[in-house]
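Written out below as structure tokens is the structure these notes cover.
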Amino acid sequence: MSFKALMLEKDEVNGVSHSLKSLTKQQLLQQQGDTLIQIQYSSINYKDALALTNKSPIVRQWPMVPGIDGVGTVIECQNDRYQAGDLVILNGWGCGETHWGCYAQYAYLKSDWLIPLPKNLTPYQSMIIGTAGYTAALCVKRIVDFGVKPEEGKVLVTGATGGVGSLAIGLLSKLGYQVTASTGKVTDEDYLHKLGAIEIINSQSLKEPNRPLQKELWSAAIDVVGSYTLANICAKTRYGGIVACCGLAQGMDLPATVAPFILRGVTLSGVDSVMASYDNRVAAWQLIAENMDEQLYTHIAKTITLDQCSEIANKMIAGEIKGRIVVDVNK
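For the sequence shown, position 305 (counting from the first letter as 1) is numbered 322 according to this note's numbering, and the numbering increases by one without interruption.
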């Protein structure tokens, strides 16, 4: 058996390069795993874009097949967790970093990393969601479980036209929350309003240093930006509110004070999607499957092939992509 894969390679002469390769099952089974999957679709997330462009040291073993997301059919499983023919989803677990990922027609993975595809989602829809949407769902679930009610005030979502932001807006809106979308792409108002945002602000207003406590605007927030943006969000969150933090597009630093947390009882809650438990993954995916408006799938999705991944990754790093990019690995 041979199959097509996108391979990242690194050497002292050429640095990091990528190309389509023909790999064998024998090569694939050298990876640690117990379940062989025939991949139907993958997706491009910000972490994938960083790996493909080598803008950050995401890849830690070489050569590497990138792709932190995948959906496909189980071909064989060495335990009784899955049977041949089962449809399963992968998100994270170091794939595309230390383990070959899903920018390939086949992947060899650990069954513990996989969850069943929810019955009311198609494989294609699941990769419109991907890690970005699954992370968004973890953030939304954190806000809901914290007890924030829709009638308690607006919820802020940063990086609003990106994958996490787009799907977070769609989910929050469907659940009845009033969403304020923060974006640098203020010309994309129509796109954001169709997702369900009722208010749009320019993200630049959050990116500069400001007072440690500011006017209370939001009952909760989902932030993918970090740095001064996150500091300003905390400073503007209402008393007893929560900020779910899942990204660091502006930076890893947090130039804030303890004032919002002590004087207003604001909770800053970190959300990790890479190593989340099986139960949390299933719950997040079920939240999406039950609440995502089907019309939004076509609104936010674009499909590409493996040989287009690099071009799209560069555009994503440059902030030129909105919505979600699905990768059809079989074309």
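We treat Cβ as the ideally placed atom computed from N, Cα and C, and that holds for glycine.
- Per DSSP, the unbroken beta strand (DSSP E) holding Y256 starts and ends at T254 to C262.
- DSSP places M333 within a helical segment (H, G or I) once states are collapsed to three.
- A Cβ-Cβ contact shorter than 8 Å links D86 with G147.
- In the displayed model, K319 falls within a strand according to three-state DSSP.
- Under the three-state reduction of DSSP output, E233 falls in the coil class, being neither helix nor strand.
- Distances from the CA of I259 to each of G113, E169 and S59 were compared; the closest alpha carbon is that of E169.
- In the assembly as shown, G150 is a buried residue. Its beta-carbon has 16 or more other beta-carbons within 10 Å.
- Listed in chain order, the non-local C-beta contacts of A318 below 7 Å within the same chain comprise I145, G340, R341 and V343, local neighbours out to five positions each way being set aside.
- In this structure, the CA atom of Y63 is about 30 Å from the CA atom of R228.
- Annotated as proximal: V299 and I132, with beta-carbon spacing under 8 Å.
- Cβ contact annotation for I61 (same chain, cutoff 7 Å, sequence separation greater than five): C326, I329, A330, M333, I342 and V344, in chain order.
- Beta-bridge analysis with DSSP links K21 to S39.
- If one requires a minimum length of 4 residues, the alpha helix (DSSP H) runs lying completely within the segment 116-196 are 140-163 and 180-191, in chain order.
- Runs of the beta strand (DSSP E) lying entirely within the segment 40-121 and spanning at least 3 residues, in chain order: 52-61, 86-94 and 104-108.
- Between K191 and N308, the C-beta gap is smaller than 8 Å, which places the two residues in contact.
- Put simply, of D240, Y256 and C119 the residue whose alpha carbon is nearest the alpha carbon of S286 is D240.
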